[in-house]
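Colleague: Would you mind keeping the following structure in view while I ask a few things?
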Amino acid sequence: MRQILSALVLACCAALGSGPARAQTELSALARIEPARSGVVAEGGQIALTLGIDQAVPFRAFLLDDPPRLVVDFREVDFTGASPAALDPEGLLGEIRWGRFRPGWSRMVAELVTPAALVEAVERTGATPRITLRLDPVAADDFAARAGAPASALWDLPQPAAIDTAPHRRQDGSAPLRIVLDPGHGGIDPGAEAEGHSEAVLVMTFARELKEALTRAGMEVLMTREEDVFVPLETRLTVARASGADALISLHADALAEGQATGATAYHFDPAASDDAARKLAERHDRADLLAGVDLEGHDDEVAGVLMDLARAETQPRSLRLSQVMVGAIREAGLKMYKHPVQGADFSVLKAPDFPSVLLELGFLSSEADRKRLLDAEWRKRMVAAIAGGLETWAQADAAEARLLRQ
Ligand SMILES: [Zn+2]
117 MRQILSALVL ACCAALGSGP ARAQTELSAL ARIEPARSGV VAEGGQIALT LGIDQAVPFR
177 AFLLDDPPRL VVDFREVDFT GASPAALDPE GLLGEIRWGR FRPGWSRMVA ELVTPAALVE
237 AVERTGATPR ITLRLDPVAA DDFAARAGAP ASALWDLPQP AAIDTAPHRR QDGSAPLRIV
297 LDPGHGGIDP GAEAEGHSEA VLVMTFAREL KEALTRAGME VLMTREEDVF VPLETRLTVA
357 RASGADALIS LHADALAEGQ ATGATAYHFD PAASDDAARK LAERHDRADL LAGVDLEGHD
417 DEVAGVLMDL ARAETQPRSL RLSQVMVGAI REAGLKMYKH PVQGADFSVL KAPDFPSVLL
477 ELGFLSSEAD RKRLLDAEWR KRMVAAIAGG LETWAQADAA EARLLRQ
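Below, the structure is given as structure tokens:
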């Protein structure tokens, strides 16, 4: 059985070179999960997970700790029609999420209620292909010893952000403004969900419309994701840095569990931020990343930390002004703002020390009124125009300051 698994893993690796373009052409031929042939059952003290698929796909399975998780990667699989609740109605495995992980690849993550060893991982081909995984409960210590991603799973790890190579020159108005738009969530991480709408999809729609408006205004616009795919938080920063971003705008529409919060909020990076709602949002964003399985290696480096602090000393006030100008523009357009529209937060995606960034919560998916607004093309048009105008205002003032500092 082990041989079968490693053969499949090799098949995965051989196909790693394929980029988004190739994945696109294969979309029509995606393997589909067949819910009627899939399920989680208890068998002789073990837990068996069966996934019926309409065609065999390369896959690999492994365990991660803190918290204990089972991770299964597949050559892209269509989960339409399947639901975690129907797959595991008794909750034997634990909380399950799945979705696209990167172009051409899907990932399923189960937060294990009981630490367990993976004792079988096989795929049966033929007329009714299926993947069977069998888990045998073990003690927590034993689990920790077994957990770990295979080297081939490190492909998605972002490289540590280098801040001392090719420093990006601060924008001074002499070249088109380069904006990186970051539609939050995606793929295995849908973000907030309400009434059949997911944050990942709503902010993608908004990002595309904003991109069009900014491009029309003469800016160069790049996106951290172009489709419904998972992108780790650190990769979003790496993408922005690699493209020489003058500013990063992360777009979200999260849900708040408590209260009747409505309206837009602009967040700038503030590691000391103590607002309870912001802290919870930061934790949720980081946790979505963690659960998706990107915490395979630590990047902490003390020296880099000091350099980052220095660079941030210049960037942080620029980010704050970007937030303030943005909020001013949105308010001027008569659009709904949250009661505390400018806020600091310890959001990972805002941590870049070398270019300003702002995270815009366009509204709260938990609010019916905000949901309506986000789904309304006319409202989005006004919001897009306000953000584009705010960005231009900010860029002019920021460029003027850059020129002054240089004299
Ligand atoms: Zn979000």
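For reference, each letter of the sequence shown is one residue, going 117 to 523 in the working numbering.
Backbone N, C-alpha and C fix where the C-beta goes; we use that ideal spot for every residue, glycine too.
In this text the structure is predicted, and so the values were computed from the model without any measurement.
Could you give the first and the last residue of the continuous alpha helix (DSSP H) run that contains K467?
Modeller: Per DSSP, K467 is not a residue of any alpha helix (DSSP H), being assigned neither H nor E.
Colleague: Straight-line CA distance for L186 to E227?
Modeller: 7 Å
Colleague: List the whole-angstrom C-beta distance separating A369 from G289, where the pair is believed to meet the contact cut-off of C-beta under 8 Å.
Modeller: At roughly 32 Å, the Cβ-Cβ gap does not stay under 8 Å, so A369 and G289 are not in contact.
Colleague: Suppose contacts are defined by Cβ-Cβ distances below 9 Å. Is T340 in contact with T351 by that definition?
Modeller: yes
Colleague: Is the separation between the beta-carbon of T378 and that of H456 shorter than 9 Å?
Modeller: The Cβ atoms of T378 and H456 lie no closer than 9 Å to each other.
Colleague: Looking at A369 and ligand 1, is the gap between the Cβ and the nearest heavy atom below 8 Å?
Modeller: yes
Colleague: Check this for me: beta carbons of A363 and W495, under 9 Å apart or not?
Modeller: Contact: no.
Colleague: Measuring CB to CB, does D405 end up less than 9 Å from D305?
Modeller: Yes. Within cutoff.
Colleague: Short of 7 Å in beta carbon distance, which residues of its chain neighbour A393, apart from the five on each side in sequence? Order them along the chain.
Modeller: L372
Colleague: Tell me the residue span of the beta strand (DSSP E) that contains L180.
Modeller: 175-180
Colleague: Let me make sure I understand the geometry here. Which of G312, E236, L407 has the alpha-carbon closest to that of D181?
Modeller: Answer by Cα proximity: L407.
Colleague: Where does Q275 fall in DSSP's three states?
Modeller: Its pLDDT being 43, under 50, Q275 is placed unreliably in this model, and the coordinates cannot settle the point.
Colleague: State the DSSP-derived secondary structure class of T281, mapped to helix, strand or coil.
Modeller: Any reading at T281 must be qualified, since the residue scores a pLDDT of 45, below 50, and its modelled position is unreliable; the value itself is stated next. In the structure shown, T281 sits in coil (DSSP, three-state: anything other than H, G, I, E or B).
Colleague: Given the structure, does A308 come close to ligand 1, in the sense that its CB is under 8 Å from one of the ligand's heavy atoms?
Modeller: yes
Colleague: For L451 and V441, I'd like the C-alpha separation in whole angstroms.
Modeller: 14 Å
Colleague: Can you find the residues in the same chain that come closer than 6 Å, C-beta to C-beta, to V235, ignoring five residues on each side of it along the sequence?
Modeller: R250, D252
Colleague: Quick check on P218: does DSSP put it in helix, strand or coil?
Modeller: It should be pointed out that residue 218 corresponds to Arg in this sequence rather than to Pro. Note: R218 maps to strand in three-state DSSP.
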